[in-house]
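K.L.:
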Amino acid sequence: MTAPLPLVFDAPRRGMPPRHLADLDADGRRAAMEALGLPKFRADQIARQYYGRLQADPEQMTDLPEAMRAKVAEALFPPLLTAVRHIACDDGSTRKTLWKANDGTLLESVLMRYPDRATLCISSQAGCGMACPFCATGQAGLTRNLSTAEIVDQVRSAAAALRDGEVAGGPGRLSNIVFMGMGEPLANYRRVVSAVRRITSPSPDGFGISQRNVVVSTVGLAPAIRKLADEDLSVTLAVSLHTPDDELRDTLVPVNNRWPVAEVLDAARYYADKSGRRVSIEYALIRDINDQPWRADMLGKKLHKTLGSRVHVNVIPLNPTPGSKWDAAPKPVEREFVRRVNEAGVPCTVRDTRGQEIAAACGQLAAEG
Ligand code: SAH
38 MTAPLPLVFD
48 APRRGMPPRH
58 LADLDADGRR
68 AAMEALGLPK
78 FRADQIARQY
88 YGRLQADPEQ
98 MTDLPEAMRA
108 KVAEALFPPL
118 LTAVRHIACD
128 DGSTRKTLWK
138 ANDGTLLESV
148 LMRYPDRATL
158 CISSQAGCGM
168 ACPFCATGQA
178 GLTRNLSTAE
188 IVDQVRSAAA
198 ALRDGEVAGG
208 PGRLSNIVFM
218 GMGEPLANYR
228 RVVSAVRRIT
238 SPSPDGFGIS
248 QRNVVVSTVG
258 LAPAIRKLAD
268 EDLSVTLAVS
278 LHTPDDELRD
288 TLVPVNNRWP
298 VAEVLDAARY
308 YADKSGRRVS
318 IEYALIRDIN
328 DQPWRADMLG
338 KKLHKTLGSR
348 VHVNVIPLNP
358 TPGSKWDAAP
368 KPVEREFVRR
378 VNEAGVPCTV
388 RDTRGQEIAA
398 ACGQLAAEG
């Protein structure tokens, strides 16, 4: 299964920021030290500052000789993301941050605190090229891919804010990461996989967040799902299915025209087999569009057949986006939908929808300046 991947997986390095420490793996860091004429042990020392102490400003790295700091800053810490604003809701337990990249590109991430965990929803692209008609991000199209470091630095910032007690609820620890912000992670494949490694490797190579607590969510780029399975990571795969039939999915998730439902589910099963992880199926429930009892039955049947017990369905009540004629399904319809999927032997629950008042809920990220 190593057919050449279509171009969609790695769009060109258009407008990428200069290289940052977080773009590099351990070998790359050591090579960078060599190029700077610094001893190799400095590589891990600096990485420990960044991943362990969440420090991104070399001037504050007190274990570095002062004379070295400016050089390190210039070579490895170009400015990446500046917070334009933070907006909180749900009593402060949800916080959206609008970031401006160094070239002016806007992107967002959302931090959600729960009693037992803190989850950061991160962006992998500025905008998105997948054009799903119900998603605010999809409406504006793709601006560009984010670099590995731009993805990773969203995590560092949130982890530091939590640690420093800047988020309601007192000091805490970032435990979960979901690639459910702006963008299609598997369309920025190489940088996203590198970011996953930085997020999950222990210090000095990364933040040490458990792979099991990382979710990569995709529209269903089947060959890229298979490729991800071969990386031997144990991150959770989420597939945005939204309907079990090709006819409707061709319009709800336009990339379905290229990789239809059966191919997506086969790839998902390959991922489940390789990773030993249950696959999540995302289903944004839209009134009178994909909420019919027969669709629930068809969904349950297809999933049970391809994935057996290695699947879980997350129903997301649709968050209406500006100008859209669509709305969430009524609660009784939603309950019946969930009941039928469960009845088919497929666990199905409704996702709690944080962040609605601040346009931080699923599919609302549009990065208005
Ligand atoms: N591109 C990836 C990840 C980003 S979106 C993907 O599609 O999976 C994260 C989830 O939010 C996806 O399941 C997406 O379909 C869903 N979503 C998008 N717009 C939404 C909306 N308006 N209401 C509810 N869910 C939405």
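Using my numbering, the letters of the sequence shown correspond one by one to residues 38 to 406.
Even glycine gets a Cβ: it sits at the ideal position worked out from N, Cα and C.
With distances taken between CB atoms, is the gap from T390 to V350 smaller than 9 angstroms?
P.N.:
Going by C-beta atoms, T390 is not nearer than 9 angstroms to V350.
K.L.:
Comparing C-alpha positions only, which one of A404, I83 and G400 sits nearest to M217?
P.N.:
If we check each option's Cα against that of M217, G400 comes out closest.
K.L.:
Relative to the C-alpha of P54, which residue among I214, D242, R228 and S254 is closest?
P.N.:
Nearest option by C-alpha distance: R228.
K.L.:
So, at 8 angstroms on beta carbons, what are the nonlocal neighbours of E410 in its own chain, with the 5 sequence-adjacent residues on each side left out?
P.N.:
The structure shown has nothing for residue 410, since the chain only spans 38 to 406.
K.L.:
Which runs of the alpha helix (DSSP H) at least 4 residues long sit entirely within the stretch 244 to 302? Give them in chain order.
P.N.:
Those alpha helix (DSSP H) runs which fall completely within the stretch 244 to 302 and span 4+ residues are 259 to 266 and 283 to 289.
K.L.:
Taking the continuous beta strand (DSSP E) assigned at N351, which residues delimit it?
P.N.:
Counting along the chain, the beta strand (DSSP E) containing N351 begins and ends at V348 to P354.
K.L.:
Check whether the Cβ of M217 sits closer than 8 angstroms to any heavy atom of ligand 1, and report yes or no.
P.N.:
For ligand 1, at least one heavy atom lies less than 8 angstroms from the Cβ of M217.
K.L.:
Note down, in chain order, each residue of its chain lying with its Cβ closer than 7 angstroms to the Cβ of Q393, except the 5 sequence neighbours on either side.
P.N.:
Counting only Cβ-Cβ distances below 7 angstroms, and skipping sequence neighbours, we find N356.
K.L.:
Would you mind giving the Cβ-Cβ distance between V352 and L322, rounded to the nearest angstrom? I have them listed as a contact below 8 angstroms.
P.N.:
Indeed they touch by this definition, with Cβ atoms about 5 angstroms apart.
K.L.:
For R324, which residues in the same chain have their Cβ closer than 8 angstroms to its Cβ, ignoring the five residues on either side in sequence?
P.N.:
Cβ within range, chain order: L355, W363, D364, A365, A366, P367 and V370.
K.L.:
Below 8 angstroms, is the gap between the Cβ of S146 and the nearest heavy atom of ligand 1?
P.N.:
No - ligand 1 has no heavy atom lying nearer than 8 angstroms to the Cβ of S146.
K.L.:
Alpha carbon to alpha carbon, what distance is there between G207 and S238?
P.N.:
Roughly 26 angstroms separates the two Cα atoms.
K.L.:
If A80 and F114 are in contact, beta carbons under 8 angstroms, what's the gap, nearest whole angstrom?
P.N.:
At roughly 14 angstroms, the Cβ-Cβ gap does not stay under 8 angstroms, so A80 and F114 are not in contact.
K.L.:
DSSP has L344 in a bridge; who is on the other side?
P.N.:
Paired residues: none, contrary to the question.
K.L.:
Quick one: is V383 buried, meaning 16 or more other Cβ sit within 10 Å of its Cβ, or exposed?
P.N.:
Buried, since its Cβ has 16 or more Cβ neighbours within 10 Å.
K.L.:
Along the chain, which unbroken stretches of the beta strand (DSSP E) at least 3 residues long are found entirely within the stretch 172 to 221?
P.N.:
Listed in chain order, they are 179 to 182 and 213 to 216.
K.L.:
To the nearest angstrom, report how far apart R372 and Y320 are at their CA atoms.
P.N.:
Taking the straight line from one Cα to the other gives about 14 angstroms.
K.L.:
Is the separation between the beta-carbon of V298 and that of D282 shorter than 9 angstroms?
P.N.:
Yes, the pair counts as a contact, with Cβ atoms nearer than the cut-off.
K.L.:
Suppose the cutoff is 8 angstroms on Cβ atoms and the five residues either side in sequence are ignored; what does the same chain contact list for P330 look like?
P.N.:
Cβ neighbours of P330 beyond the five flanking positions: E373, F374 and R377.
K.L.:
Count the other CB atoms within 10 Å of the CB of A261; is the residue buried (16 or more) or exposed (fewer)?
P.N.:
Buried, by the Cβ-count rule.
K.L.:
Closest to L61 by CA distance: which of A197, I188, R200 and H123 is it?
P.N.:
Minimum Cα distance to L61 is reached at I188.
K.L.:
Under the three-state reduction of DSSP, which class applies to I124: helix, strand or coil?
P.N.:
Looking at I124 - three-state DSSP - the assignment turns out to be strand.
K.L.:
Give the secondary structure of T39 by DSSP, where H, G and I count as helix, E and B as strand, and everything else as coil.
P.N.:
Only weak support exists for where T39 lies, its pLDDT of 38 falling under 50; the value from the coordinates is given anyway. Coil.
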